[in-house]
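One structure is given below, encoded as structure tokens.
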Amino acid sequence: MFNLSFWRSSPMRTLFVFLVSTFFIVMAQPAFSAGFALKEQSASALGNAFAGATAAAEDVSYMFFNPAALGQLEGNQLSVVGSYIAPSSEMKDGTATTILGTPIGGNSSEGDAAKNVVLPAGYVSWALTDEWRFGLAVTVPYGLETNYDRDWIGRYHAVNSRLQTMNINPVLAWKANEKVTLAFGFQAQYAEAELTNAIDFGTIAMAAKAKAQADGKDIELPDATPAGHDGYAKMEGDDWGFGYNLGLMIEPREGTRIGLAYRSKVHHNLRGDIDFRLDNDGVGAALSQATGRFVDSRITADLTTPETVSIGLYHEITPRWAVMADATLTRWSRFDELRVQFDNPAEEDNVTIEDWNDSWFYALGLTWKPSEKYALRIGVAHDETPIPDRTRTPRIPATDRTWLALGGHYKLNDSWGFDAGYTHIWVEDSSIELEATPTNDTFRGNLDADYENDIDIVTLSATYTF
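Those letters in the sequence shown? Residues 1 to 466, per UniProt numbering, in order.
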């Protein structure tokens, strides 16, 4: 029979307190990343640049990468993880014009558009029987935030962009024998998004006049200057979505493990509101009255976080030295467009073409254990961007990334272990070349800009074995 006493245990109560606290921390501090996936869920795994994360199973935090890692753990474990992420994304020498060719005034060089944040995670595992283990993870697998000044030249494309998630992932693992562990998990994921941008009422008014004249209609609008009458829009929405994850861990010989893991997509139908702020010159108000547009209303937008498939290898060369490798495929091709639909029938869908590609993450790592109390880690990784050059936007101006990571472990006693990891990520310089056409970015305008990017990450964790 399963031992269900863990539901009444002090460590389990501690986890639930942590879960609630994590929710509020996550809601207050979103994160920035290439794409918008966040791998920073484990201090020990980060020390190897996530090489072997699918196979190493060094502590309970590895269940994020492979739920079958639970089958390799001794005793019951509770782990709290915190990552300080310091990204930098600076725009240089930008130029912008409306679809009519009118220069768009404003800041042509922006400071750091990314935000430093703290990213929390928490895990617990419990032995139900000799063969069965229960695990629970509370993580932030996706998130981003970029912020620009309201008067920058790309303001019609983006001002603020924020995505926050929280994923609650209970897992059941079955150790079939000494060599094989299988695991299944359920995902309940909360997502909340906010997007803001300026609105070029000047260019929209001129286009509305031209269309009315071509249709033989009369429309009363004040004289307007392209890029001279700015409004503002703020869209917010949230939703719960559900999915699952699977894991397999094989240990063909002691000290050598092969891991396979799958995390499903999670679909969100974000539901919320759009709030418009009209310009002070009356152009936006006249447009709203004449067309029925630019009125506060309810909105919906679909968001699917992608599925991932991972394979990892962990091999102990000697009791003191281990090597590891990992590869993860993320199906970003699901993100083909960002479409916002309005309850207001006069408002057409707001569409941003994305056309992202599937991408790979590769990593190699090395661990040295000079004694039973200490371990030192190093790792390198390459993270492909899913974003094509032609559809890169200022909301996520990311490109390929190269990781160099260092980490360490200290075992205080049989109950407590502490891990630390640091990585510097070199992000290739990126460029934005968005062209306004009658069917895409029409009133957002043309935007050309170069970005210099990099990221530093420090992750700490404490693990309690009981």
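Even for Gly, the Cβ is constructed at its ideal location relative to N, Cα and C.
Just checking my contact of A322 with A51 at CB under 8 Å: how many whole Å lie between their CB atoms?
Here residue 322 corresponds to residue number 322 of the sequence shown, with the count starting at 1. Here residue 51 corresponds to residue number 51 of the sequence shown, with the count starting at 1. With a Cβ gap of about 10 Å, A322 and A51 do not count as contacting.
By DSSP, does L366 sit in helix, in strand, or in coil?
One-based indexing of the sequence shown puts residue 366 at position 366. L366 falls in the strand class under three-state DSSP.
What residues in its chain sit with their C-beta under 7 Å from that of T97, if we drop five residues either side in the sequence?
Position 97 of the sequence shown, counted from the start, is the residue given in the question as residue 97. Cβ within range, chain order: P103, I104, G445 and N446.
Would a C-beta distance cut-off of 8 Å place S310 and T291 closer than the cut-off?
Position 310 of the sequence shown holds residue 310. Position 291 of the sequence shown holds residue 291. Contact flag unset, no.
Where P87 sits in the DSSP three-state scheme
Within the sequence shown, residue 87 is the residue found at index 87, counting from 1. P87: strand per DSSP, three-state reduction.
In chain order, what residues of the same chain lie with their CB nearer than 7 Å to the CB of T442, ignoring the 5 residues before and after it?
The count along the sequence shown starts at 1 and reaches residue 442 at position 442. The answer, listed in chain order, is I99 and A436.
Close beta carbons around residue 510, own chain, < 7 Å, minus the five adjacent residues each side
Because residue 510 is not part of the residues shown, which for the chain are 1 to 466, the question remains open.
Please state whether DSSP places T391 in a helix, a strand or coil.
For the purposes of this step, residue 391 is taken as residue 391 along the sequence shown, with counting starting at 1. It is helical.
Rounded to whole angstroms, what's the CA-CA distance from S415 to T463? Just pull it up for me.
For this step, residue 415 is matched to residue 415 along the sequence shown. For this step, residue 463 is matched to residue 463 along the sequence shown. Going by the C-alpha atoms only, they are around 8 Å apart.
DSSP state of I299 mapped onto helix, strand, coil:
Sequence index remark: in the sequence shown, residue 299 carries index 299 (1-based). The answer is strand: DSSP assigns I299 an E or B state.
Taking the alpha helix (DSSP H) that T465 falls in, what are its first and last residues?
Counted from its first residue, the sequence shown places residue 465 at position 465. Counting along the chain, T465 falls outside any alpha helix (DSSP H), though it belongs to the beta strand (DSSP E) covering N446 to T465.
Which residues in the same chain have their Cβ closer than 8 Å to the Cβ of S297, if we skip the five residues on either side of it in sequence?
The residue labelled residue 297 in the question sits at position 297 within the sequence shown. Result list for S297: D273, I274, F342, D343, N344 and E347, in chain order.
In whole angstroms, give me the CA-to-CA distance for S108 and M91.
One-based indexing of the sequence shown puts residue 108 at position 108. One-based indexing of the sequence shown puts residue 91 at position 91. C-alpha of S108 to C-alpha of M91: approximately 8 Å in a straight line.
Return the residue from the list D281, S264 and V295 that minimises the CA-CA distance to L221.
By one-based count along the sequence shown, residue 221 stands at place 221. The shortest C-alpha separation from L221 is found at D281.
Any non-hydrogen atom of the ligand COA closer than 7 Å to P252 Cβ:
You won't find the ligand COA in this model; it holds no ligand whatsoever.
Helix, strand or coil: which one does DSSP assign to F331?
Here residue 331 is taken as the residue at index 331 of the sequence shown, counted from 1. The sequence shown places Arg at residue 331, not Phe. It is coil, neither helix nor strand.
Find the nearest neighbour of N76 within the set A127, N116 and A37, judged by alpha-carbon distance.
Mapped onto the sequence shown, residue 76 falls at position 76. Minimum Cα distance to N76 is reached at A127.
Check Q41 in the structure and name its three-state DSSP category.
Within the sequence shown, numbered from 1, the residue matching residue 41 stands at position 41. Of the three classes helix, strand and coil, the one that applies to Q41 here is coil, per DSSP.
By DSSP's criteria, V309 is part of a beta bridge. Which residues make up the other side?
By 1-based counting over the sequence shown, the position of residue 309 is 309. BP columns for V309 point to Y262 and L329.
Can you check which of these residues, G237, L412, A224 and D93, is closest to K373 by C-alpha distance?
Residue mapping note: residue 373 aligns to position 373 of the sequence shown, counting from 1. For K373, the nearest C-alpha among the options comes from L412.
Where DSSP assigns a beta bridge to H267, which residues make up the other side?
What you label residue 267 is simply residue 267 of the sequence shown in a count that begins at 1. According to DSSP, which records beta bridges pairwise, H267 is partnered with T304.
Measuring alpha carbon to alpha carbon, tell me which residue in G417, K265 and A381 is nearest T402.
By 1-based counting over the sequence shown, the position of residue 402 is 402. Measuring from the Cα of T402, the nearest candidate turns out to be A381.
Quick one, are the C-beta atoms of G259 and A405 less than 8 Å apart?
Position 259 of the sequence shown holds residue 259. Position 405 of the sequence shown holds residue 405. Taking the C-beta atoms as reference points, A405 is found no nearer than 8 Å to G259.
Excluding sequence positions up to five away, which residues of its chain have a Cβ less than 8 Å from the Cβ of L278?
If you number the sequence shown from 1, residue 278 lands on position 278. These residues qualify, in order along the chain: F201, G231, G284, A285, S288 and F294.
Can the beta-carbon of T203 be found less than 8 Å from the beta-carbon of A227?
Looking up residue 203 in the sequence shown gives position 203. Looking up residue 227 in the sequence shown gives position 227. Yes, Cβ-Cβ distance for T203 and A227 is below 8 Å.
Just the Cα atoms here: how many angstroms apart are F64 and R253?
Stepping through the sequence shown from its first residue, residue 64 is reached at position 64. Stepping through the sequence shown from its first residue, residue 253 is reached at position 253. Their backbone Cα atoms lie some 24 Å apart in a straight line.
Looking at the structure shown, is T291 part of a helix, part of a strand, or coil, going by DSSP?
Counting from 1 along the sequence shown, the entry for residue 291 is found at position 291. T291: helix per DSSP, three-state reduction.
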